[in-house]
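Asks:
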Amino acid sequence: MSTKVCRSAEVSDMPLPSPPHKLRKTQSMCLSREEFLFSDVCKRATLDAHGQQHSIPCFDSKEDTLKRICPETLQRVLSGEFEQAYEQLVVVDCRFPYEYAGGHIKGAINLSSKDELEKHFLNNFEFSKRTVIIFHCEYSSQRGPRMALHLRSRDRELNATEYPNLFFPELYILDGGYRNFYFQAKQLCIPQNYVEMNDEQHMLECKSRMMHFKESFSSRRSKSRSPSWSQSKSSECHSLLDRQPVRRASLLTRLRPSLSSSGQPLNLAPMIPLIPRRHLPRMMTNEPENVVAAPVLSQTPNSIYISP
1 MSTKVCRSAE
11 VSDMPLPSPP
21 HKLRKTQSMC
31 LSREEFLFSD
41 VCKRATLDAH
51 GQQHSIPCFD
61 SKEDTLKRIC
71 PETLQRVLSG
81 EFEQAYEQLV
91 VVDCRFPYEY
101 AGGHIKGAIN
111 LSSKDELEKH
121 FLNNFEFSKR
131 TVIIFHCEYS
141 SQRGPRMALH
151 LRSRDRELNA
161 TEYPNLFFPE
171 LYILDGGYRN
181 FYFQAKQLCI
191 PQNYVEMNDE
201 QHMLECKSRM
211 MHFKESFSSR
221 RSKSRSPSWS
231 QSKSSECHSL
241 LDRQPVRRAS
251 LLTRLRPSLS
261 SSGQPLNLAP
271 MIPLIPRRHL
281 PRMMTNEPEN
291 VVAAPVLSQT
301 PNSIYISP
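Take the sequence shown: its letter number 85 is residue 85 in UniProt numbering, and every next letter is one higher.
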């Protein structure tokens, strides 16, 4: 009993570890007060999850992978607040020409089609400069994001061997589009006016241009490839295939020479792929619901039959 009391007394007399020191936030004297305060809002270039740099404040969107900026940020960009972070600024107005002529952001260029977009950015453009490109349309919900994503896609194709490098890593979408910016900063628009896409005076032009815009983005990817690439790829594929002339005959007639002469069932499973059930009449089978087993053909002296 005395030994247990002594041990408990020794444990109680042991000094308790001192609590950890509290960490205090400090301000580096190498940074100015403005740089220190704006560091949290990406005033200087920062990195996102993919290691890409961003020179202006931006935020993510659920619609796509491109960054969004608010109208207040664009006002600060146009005032030159972030001009030391990049070398060139391009504001792309993706609205139709009559919308652009009715009122647009100062310094914005009008590119309303894929052809105009590629001609401007992919032909004789100074890729060496650090460029910030801001896209928008009326609401920045369809035309602006589609044009920006198309430029990103073409940029990826041109830099396929240099992934993840890009010629234009900084693509942004103006949140809310021209409409939202106009009602917040009308003084930065020339002329100070806003013409809607569905303006009654331009209904025919709107219908025609919208049809052309949708067709350009709904066309198959193969159509956008160059003819030389398509021809070479097609000839390569055809050279790998040893095609035999197909004669007009039923399936049973074409398979008749290959049937067993002994009358034993001939299993064609290695030659016939699994067939989706929706293409065949209902039958009893133990196979999974989405597929059925390939049929087995047998030959008798006077007839040929197919067994499930």
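We treat Cβ as the ideally placed atom computed from N, Cα and C, and that holds for glycine.
For the alpha helix (DSSP H) containing residue 117, name the first residue and the last one.
Replies: 114-122
Asks: Pull up the distance between the alpha-carbon of residue 60 and that of residue 173, whole angstroms please.
Replies: Just so you know, the alpha carbons of residue 60 and residue 173 end up roughly 10 angstroms apart.
Asks: Could you check what DSSP says for residue 78 in three-state terms: helix, strand or coil?
Replies: helix
Asks: Can you tell me the Cα-Cα spacing of residue 193 and residue 161, whole angstroms?
Replies: 45 angstroms
Asks: Quick one: what's got a C-beta closer than 8 angstroms to residue 72's C-beta in the same chain, skipping five residues either side?
Replies: 184
Asks: Can you tell me whether residue 65 is helix, strand or coil according to DSSP?
Replies: Of the three classes helix, strand and coil, the one that applies to residue 65 here is coil, per DSSP.
Asks: With a threshold of 6 angstroms on Cβ separation, who are the neighbours of residue 108 within its own chain once the five nearest residues in sequence on each side are excluded?
Replies: 91, 93
Asks: The alpha helix (DSSP H) spanning residue 98 covers which residue range?
Replies: 97-102
Asks: If we count the other Cβ atoms within 10 Å of its Cβ and call it buried at 16 or more, is residue 97 buried or exposed?
Replies: exposed
Asks: Could you round the C-beta distance between residue 189 and residue 104 to whole angstroms and report it? I think they count as a contact, below 8 angstroms.
Replies: About 7 angstroms; that satisfies the 8 angstroms criterion.
Asks: Taking DSSP's pairing of strands, which residues face residue 170 in a bridge?
Replies: 132
Asks: What is the DSSP secondary structure of residue 204, reduced to helix, strand or coil?
Replies: helix
Asks: When the Cβ atoms of the region 203-217 are set against those of the region 164-181, are three or more pairs found closer than 8 angstroms?
Replies: no
Asks: Express the C-alpha separation of residue 70 and residue 154 in angstroms, rounding to a whole number.
Replies: 26 angstroms
Asks: In this structure, what does DSSP give as the bridge partners for residue 110?
Replies: 93
Asks: Could you say which of 79, 112, 171 lies nearest to residue 212 if we only look at CA atoms?
Replies: Proximity to residue 212 across 79, 112, 171 peaks at 112, based on C-alpha coordinates.
Asks: Reducing DSSP to helix, strand and coil, say where residue 84 ends up.
Replies: helix
Asks: Is residue 146 closer than 8 angstroms to residue 86 when the C-beta atoms are compared?
Replies: no
Asks: Which of helix, strand or coil does DSSP assign to residue 59?
Replies: strand
Asks: Please return the same chain residues whose Cβ sits closer than 6 angstroms to the Cβ of residue 89, not counting the five positions on each side in sequence.
Replies: Closer than 6 angstroms at Cβ, skipping near neighbours: 132.
Asks: Using a 10 Å radius around the Cβ and a threshold of 16 neighbouring Cβ atoms, would you call residue 126 buried or exposed?
Replies: exposed
Asks: Only counting the same chain, and skipping five residues up and downstream in sequence, which positions put a Cβ closer than 8 angstroms to that of residue 159?
Replies: 165, 166, 167
Asks: Going by C-alpha to C-alpha distance, which of 136, 209, 114, 100 sits closest to residue 68?
Replies: Ranking the options by Cα distance to residue 68, first place goes to 136.
Asks: Can you tell me the Cα-Cα spacing of residue 208 and residue 214, whole angstroms?
Replies: Between the C-alpha atoms of residue 208 and residue 214 there is a straight-line separation of about 10 angstroms.
Asks: Output the distance between the C-alpha atoms of residue 83 and residue 216, rounded to the nearest integer angstrom.
Replies: 35 angstroms
Asks: Measure from the alpha carbon of residue 56 to the alpha carbon of each residue in 170, 116, 179, then state which is nearest.
Replies: 170
Asks: When you compare each of 80, 63, 176, 199 to residue 139 by their alpha carbons, which one comes out closest?
Replies: 176
Asks: Measure how close the beta-carbons of residue 181 and residue 74 come, nearest whole angstrom, since I'm counting them as under 8 angstroms.
Replies: 6 angstroms
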